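Here is the structure we will look at.
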Amino acid sequence: MSTRLKPKLLSVMKTYNKEQFVKDVIAGLIVAIIALPLSIALAISSGVSPEQGLYTAIIAGFFISLLGGSRVQIGGPSATFMVVVYSVVAAHGTEGLLITTILAGIILILFGLLKLGSVIKYIPYPITVGFTSGIALTIFSSQIKDFFGMNLGAVPTGFIDKWKLYFASFDQMQWMPFMIGAIALAILIIWPKINKKIPASLISIIVTTALVAFLKLDVQTIGTQYTNLSSSFPMPSIPHITWSKIETLLSPAFTIAFLCSLESLLSAVVSDGMIGSKHRSNMELVAEGVANIASGLFGGMPATGAIARTVANIKNGGRTPIAGVVHAITLLFILLFLMPLVKMIPLATLAAVLIMVSYNMSEWRMFKKLLSAPKSDVVVLLSTFFLTVLFDLTLAISVGMILTAFLFMKRMTDVTDIQGIEMNDDDDDLELLDEELKEALSDEILIYEINGPFFFGAADKFLDSIQSLQGPSKVLIIRLRNVPVIDATAVHALNLLHDNCQRSNTTLILSEVNDSPYKVIKRVGLVREIGRAQVCRQFDQAIERAKQLIQTV
Numbered sequence: 013m014s015t016r017l018k019p020k021l022l023s024v025m026k027t028y029n030k031e032q033f034v035k036d037v038i039a040g041l042i043v044a045i046i047a048l049p050l051s052i053a054l055a056i057s058s059g060v061s062p063e064q065g066l067y068t069a070i071i072a073g074f075f076i077s078l079l080g081g082s083r084v085q086i087g088g089p090s091a092t093f094m095v096v097v098y099s100v101v102a103a104h105g106t107e108g109l110l111i112t113t114i115l116a117g118i119i120l121i122l123f124g125l126l127k128l129g130s131v132i133k134y135i136p137y138p139i140t141v142g143f144t145s146g147i148a149l150t151i152f153s154s155q156i157k158d159f160f161g162m163n164l165g166a167v168p169t170g171f172i173d174k175w176k177l178y179f180a181s182f183d184q185m186q187w188m189p190f191m192i193g194a195i196a197l198a199i200l201i202i203w204p205k206i207n208k209k210i211p212a213s214l215i216s217i218i219v220t221t222a223l224v225a226f227l228k229l230d231v232q233t234i235g236t237q238y239t240n241l242s243s244s245f246p247m248p249s250i251p252h253i254t255w256s257k258i259e260t261l262l263s264p265a266f267t268i269a270f271l272c273s274l275e276s277l278l279s280a281v282v283s284d285g286m287i288g289s290k291h292r293s294n295m296e297l298v299a300e301g302v303a304n305i306a307s308g309l310f311g312g313m314p315a316t317g318a319i320a321r322t323v324a325n326i327k328n329g330g331r332t333p334i335a336g337v338v339h340a341i342t343l344l345f346i347l348l349f350l351m352p353l354v355k356m357i358p359l360a361t362l363a364a365v366l367i368m369v370s371y372n373m374s375e376w377r378m379f380k381k382l383l384s385a386p387k388s389d390v391v392v393l394l395s396t397f398f399l400t401v402l403f404d405l406t407l408a409i410s411v412g413m414i415l416t417a418f419l420f421m422k423r424m425t426d427v428t429d430i431q432g433i434e435m436n437d438d439d440d441d442l443e444l445l446d447e448e449l450k451e452a453l454s455d456e457i458l459i460y461e462i463n464g465p466f467f468f469g470a471a472d473k474f475l476d477s478i479q480s481l482q483g484p485s486k487v488l489i490i491r492l493r494n495v496p497v498i499d500a501t502a503v504h505a506l507n508l509l510h511d512n513c514q515r516s517n518t519t520l521i522l523s524e525v526n527d528s529p530y531k532v533i534k535r536v537g538l539v540r541e542i543g544r545a546q547v548c549r550q551f552d553q554a555i556e557r558a559k560q561l562i563q564t565v
């Protein structure tokens, strides 16, 4: 088995010992406590039942740890998917979500098998910050109803429509749910300053649930909202898949696969730095794919490696995938035996937990810093952010990538410089020629130099510069010593230039062609068209060839 596609569990078990097992068990138990409210809250906010969040954390968390390429990755449902999942459920129901999750899993496996794990890291940072901040704002917006205890029924999916409804319905705010939510939020903010070992989310849930239960407060809980909540574990089943459904759901599936790749590998990189390890990115993607397929078959949601839970695992002593397996088993135990207690958790408390999640993932400090970056990066950042909030995450990422590509091409075009060189210029190579020869050749030879990548963005700039030439010349030398790469459009521009030179009885010489560009122009036949003698590796050879051509005219 290739090392790159070998689960980390197989590697770490060679040196595993009892002491590390105890640490992994403790870490797994703590992470399960952190994952419990998050899994339930994300499921509710995504438009599915609470137990589906637990199914996801159990099944996907188990497979991500069992097969993953990271020692400490903890998998489960993520806030990153919430917007996409909610849209799929609203349009296609729970079955549509299961099909989308399975499709995303297949795509992730293909990503891993095609060894695309290292490619994901090339996603521009402004895009990542833009859509992450946009998702954070969307999550925050989705929690206003439960946090303030509003009885609004179905809430519009659109950001603007949602806030219009909120502002128009604030007279329906109920003070008791709001007070419970505010207490939960205060605990989430203050408790980490008092004790970092016990999760703040656990304390907020215990305190607010106890208040609601013992004081018999009129506050909506998981049990009152979801009366048919199941405490049994489902058997796997295949949803009814048709080709038309695949065509419809392939786009959100790709979005989920992309987001899963991005978040899980980012989490793996962060954890590598914390424990001094190195993850296997392609194996991680395959594991994420298997986990999502399994989650879909067991009625769950999309899942990924989660940074917050992974960091909590590390800080509590987890160092092997056993911690992630323990986390999954613990959640299974809670589902089977403690569901009556889970039903008592107030919805306002879960809203507070997700409001805190949205704040932590908003990256507002980095967002603010990036506003001082070059204008092109600011354009990408703001475009991705506003498109995520106002329209669609898929559209936001697509537009962000296209904008980045165009702005990058613009930068490269600006970097590429095309300039003419006169025979009397102060140039080290021209210093080799005596003054009499310079004067004799000055009217006969025209020299142009290209500095920088010669690609389609710079090809038009090159042709414009050449077409502005004044006066006849017998030889045109194009110096390419500072051209590291060349593409097909640039080769086409050289072809056009060669045709123009032939019509004006001018000989084109290419000078100092580097290895990479030379292979390209030779492969497409440009060397043959121009003539091997007119493609010179050294500038003095180009001048010597130009002298020969002038003398034979």
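Going from the sequence shown to this note's numbering is simple: count from 1 and add 12.
Note that beta-carbon positions come from the ideal geometry of N, C-alpha and C, so glycine has one too.
Quantities reported herein were computed from a predicted structural model and do not represent experimental measurements.
Within 8 Å, strictly: CB atoms of T68 and M313: In the sequence shown, residue 68 corresponds to position 56, counting from 1. In the sequence shown, residue 313 corresponds to position 301, counting from 1. Yes, they are a contact pair.
Exposed unless 16 or more other CB atoms sit within 10 angstroms - verdict on I414: Position 402 of the sequence shown, counting from 1, holds the residue named residue 414. The residue in question, I414, is exposed, as its Cβ has fewer than 16 Cβ neighbours within 10 Å.
Stretch pair the region 56 to 63 + the region 89 to 103: three plus CB contacts closer than 8 Å: Under the 8 Å Cβ criterion, the region 56 to 63 counts as touching the region 89 to 103, having at least three qualifying pairs.
Supposed close pair G87, T316 - CB separation, criterion 8 Å: Here residue 87 refers to the residue found at position 75 of the sequence shown. Here residue 316 refers to the residue found at position 304 of the sequence shown. Sure, about 6 Å apart at Cβ, within 8 Å.
The beta strand (DSSP E) enclosing S523, as first and last residue numbers: On the sequence shown, position 511 is the one that residue 523 refers to. 519 to 523 is the span of the beta strand (DSSP E), which, as asked, contains S523.
Inter-stretch contact (C-beta, 8 Å, three-pair minimum) for the region 275 to 290 and the region 219 to 239: No, the region 275 to 290 is not in contact with the region 219 to 239.
Residue of H339, A198, K257, Y134 minimising C-alpha distance to A47: For the purposes of this step, residue 47 is taken as residue 35 along the sequence shown, with counting starting at 1. Per the Cα distances, H339.
For D446, the three-state DSSP class (helix, strand or coil): Numbered from its first residue, the sequence shown carries residue 446 at position 434. Residue confidence for D446 is low, a pLDDT of 49 falling below 50, so the modelled location carries little weight; the figure read from the coordinates is stated next. D446: coil per DSSP, three-state reduction.
Same chain only: Cβ atoms within 6 Å of S289, ignoring 5 sequence neighbours per side: In the sequence shown, residue 289 corresponds to position 277, counting from 1. Closer than 6 Å at the Cβ level, and outside the excluded window around S289, lie R83.
Environment of K30 [buried if 16+ CB atoms lie within 10 Å]: Working through the sequence shown from its first residue, we reach residue 30 at position 18. Exposed, by the Cβ-count rule.
7 Å Cβ shell around I38 - same chain, five flanking residues per side excluded: For the purposes of this step, residue 38 is taken as the residue at position 26 of the sequence shown. Within the same chain, I38 has close Cβ partners N328, G329.
For V141 and E275, the rounded distance between their alpha carbons: Along the sequence shown, one-based indexing puts residue 275 at 263. Along the sequence shown, one-based indexing puts residue 141 at 129. One C-alpha to the other measures close to 12 Å.
Best match in I147, S130, I132, L79 for proximity to Y371 [C-alpha to C-alpha]: Within the sequence shown, the letter at position 359 stands for residue 371. Checked all of I147, S130, I132, L79; the closest Cα to Y371 is I147.
Residues near T221 in its chain [Cβ-Cβ closer than 6 Å; skip 5 each side]: Translated into positions along the sequence shown, residue 221 becomes position 209. Contacts found: M356, I357.
Integer Cβ distance of E6 from H252, believed to fall under 8 Å: Because the chain spans 13 through 565 in this model, residue 6 falls outside it and cannot be assessed.
Three-way DSSP call (helix, strand, coil) for T144 in this model: Counting from one through the sequence shown, the residue named residue 144 turns up at place 132. In this structure, T144 counts as helix in the three-state DSSP scheme.
CB of V392 within 8 Å of CB of T416, strictly: Taking the first residue of the sequence shown as 1, we reach residue 392 at position 380. Taking the first residue of the sequence shown as 1, we reach residue 416 at position 404. Contact flag set, yes.
Endpoints, the beta strand (DSSP E) within which E461 is located: Here residue 461 corresponds to residue number 449 of the sequence shown, with the count starting at 1. E461 -> beta strand (DSSP E) spans 457 to 463.
The region 151 to 169 in contact with the region 122 to 133 per 3-pair CB rule at 8 Å: no
Alpha-carbon to alpha-carbon, L538 and R515: In the sequence shown, the residue the question calls residue 515 occupies position 503. In the sequence shown, the residue the question calls residue 538 occupies position 526. Straight-line Cα distance between these residues: approximately 17 Å.
Exposed unless 16 or more other CB atoms sit within 10 angstroms - verdict on I406: Counted from its first residue, the sequence shown places residue 406 at position 394. In the sequence under discussion, the amino acid at residue 406 is Thr, which differs from the Ile named in the question. Buried: at least 16 other Cβ atoms inside 10 Å.
Reduced DSSP secondary structure (H/G/I, E/B, other) of S466: Translated into positions along the sequence shown, residue 466 becomes position 454. Note that residue 466 is Phe in the sequence shown here, rather than Ser. The answer is strand: DSSP assigns F466 an E or B state.
Any alpha helix (DSSP H) of 4 or more consecutive residues that is wholly inside the region 123 to 206: Every unbroken stretch of the alpha helix (DSSP H) spanning 4 or more residues and falling wholly within the region 123 to 206 is given here in chain order: 137 to 154, 156 to 159, 171 to 180, 187 to 206.
Three-state secondary structure assigned by DSSP to I250: Position 238 of the sequence shown, counting from 1, holds the residue named residue 250. Coil, per DSSP.
Cβ contact check for the region 41 to 56 and the region 239 to 256: 3 or more pairs under 8 Å: no
For N294, three-class secondary structure by DSSP: Here residue 294 refers to the residue found at position 282 when the sequence shown is read from its first residue. The answer is helix: DSSP assigns N294 an H, G or I state.
Cβ-Cβ distance between I348 and S243 below 8 Å: Against the sequence shown, residue 348 aligns to sequence position 336. Against the sequence shown, residue 243 aligns to sequence position 231. In the sequence as presented, Ile is not what sits at residue 348; that position holds Leu. Contact flag set, yes.
Burial state of P204, where buried means 16 or more other Cβ atoms lie within 10 Å: Along the sequence shown, one-based indexing puts residue 204 at 192. It counts as exposed.
Proximity of L522 and V547 at Cβ, strictly below 8 Å: Within the sequence shown, the letter at position 510 stands for residue 522. Within the sequence shown, the letter at position 535 stands for residue 547. Yes, these two residues count as a Cβ contact at 8 Å.
Secondary structure of I562, DSSP reduced to three states: Translated into the one-based positions of the sequence shown, residue 562 becomes position 550. Here I562 sits in helix by DSSP.
Between the CA atoms of N325 and A335 - distance to the nearest angstrom: Along the sequence shown, one-based indexing puts residue 335 at 323. Along the sequence shown, one-based indexing puts residue 325 at 313. Spanning the two alpha carbons is a distance of roughly 7 Å.
As assigned by DSSP and simplified to three states, the class of D511: Start at 1 with the first residue of the sequence shown, and residue 511 comes out as number 499. Here D511 sits in helix by DSSP.
For K176 and Q32, the rounded distance between their alpha carbons: Looking up residue 32 in the sequence shown gives position 20. Looking up residue 176 in the sequence shown gives position 164. Q32 and K176: Cα-Cα distance of roughly 53 Å.
Rounded Cβ spacing between I151 and A91 (contact assumed at less than 8 Å): Along the sequence shown, one-based indexing puts residue 151 at 139. Along the sequence shown, one-based indexing puts residue 91 at 79. Between I151 and A91 the beta-carbon gap is near 5 Å, inside 8 Å, which marks them as a contact.
Limits of the unbroken beta strand (DSSP E) element including L492: Here residue 492 refers to the residue found at position 480 when the sequence shown is read from its first residue. Segment 487 to 494, the beta strand (DSSP E) holding L492.
Own chain, CB closer than 7 Å to T112, minus 5 neighbours either side, in chain order: For this step, residue 112 is matched to residue 100 along the sequence shown. The residues are V100, L261, P264, A265, I268.
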